[in-house]
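Following: one structure in structure tokens, then a few remarks.
So this is what it looks like as structure tokens:
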């Protein structure tokens with residue numbers, strides 16, 4: 056969490072989005088639970104800005120997952136292609152899993 060507190064929302068790269076996703080979800084859940092309990096926080100402009108930035112971050116994560124999965128589909132296609140399969144496996148290329 057200390058690493059997350061020093062990051063600006065727009066500065067996450069796609070590796071960090073995947074790496075920090077579980078912790079970001081925990082932090083988000085906790086903050087929204089606190090805001091639900093305290094109506095003053097929920098109505099504040101800072102909270103509205105925070106919620107907006109979290110939505111943007113979630114959208115970025117979804118976009119990165121979609122792009123990654125599209126790339127993996129292409130990669131796996133070439134790995135499975137009969138004419139290249141033996142060569143690529145000999146070179147250490149194997150099928151990769153998609154992100155969910």
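Numbering (this note's numbering), first residue to last: 56 to 155. For every residue, glycine included, the Cβ atom is placed at its ideal position computed from N, Cα and C.
(request) Would you give the residue range spanned by the alpha helix (DSSP H) that residue 117 belongs to? (result) Per DSSP, residue 117 belongs to the alpha helix (DSSP H) from 100 to 135.
(message) Going by beta-carbon coordinates alone, are residue 130 and residue 152 separated by less than 8 Å?
(response) No, Cβ-Cβ distance for residue 130 and residue 152 is not below 8 Å.
(request) Write down the C-beta distance between residue 123 and residue 154 rounded to the nearest angstrom, noting that I regard them as a contact closer than 8 Å. (result) Rounded, the Cβ-Cβ distance is 6 Å, consistent with contact.
(message) Using C-beta distances below 7 Å, list every residue in its chain close to residue 102, excluding the 5 sequence neighbours before and after it, in chain order.
(response) The beta carbon of residue 102 sits closer than 7 Å to those of 90, 96, all from its chain and outside the five residues before and after it, given in chain order.
(message) Buried or exposed, going by whether 16 or more other CB atoms sit within 10 Å of the CB of residue 116?
(response) Result: buried.
(request) Using 10 angstroms around the beta-carbon of residue 136, count the other beta-carbons present and answer buried if the total reaches 16, otherwise exposed. (result) Here residue 136 is exposed. Its C-beta has fewer than 16 other C-beta atoms within 10 Å.
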